[in-house]
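*Asks:* Residue numbers (the working numbering): 3 to 87.
The C-beta atom is built at its ideal place from N, Cα and C for all residues, glycine as well.
Let me begin by handing over the structure; questions about it come next.
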């Protein structure tokens, strides 16, 4: 349903305009692009929980990851709190 909304916008495809014989076949919008060949490099900025988790996930997939942190060690700000660790 539409809940408490007052307006609803709907559309229906009738046909292609005149002169258009066919639309070129394309991948659907949800299709993933073809992976690039060669070395895959990434830079994760920040060595908090999110940055470290991202770096680990990419490294497990074969990426060469550089982790950039402004502090001397990881998890030095909010990620170093007992709740974060």
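First and last residue of the alpha helix (DSSP H) that includes residue 59?
*Replies:* 51 to 62
*Asks:* Please classify residue 14: is it buried, with 16 or more other beta-carbons within 10 angstroms of its beta-carbon, or exposed?
*Replies:* exposed
*Asks:* In the structure shown, what three-state DSSP assignment does residue 44 receive?
*Replies:* Of the three classes helix, strand and coil, the one that applies to residue 44 here is strand, per DSSP.
*Asks:* Would the region 25 to 39 count as touching the region 53 to 62 if we require 3 or more Cβ pairs under 8 Å?
*Replies:* At 8 Å Cβ cutoff, the stretches do not touch.
*Asks:* Take the Cβ of residue 27 as the centre, count every other Cβ of all protein chains shown within 10 Å, and call the residue buried at 16 or more, exposed below.
*Replies:* exposed
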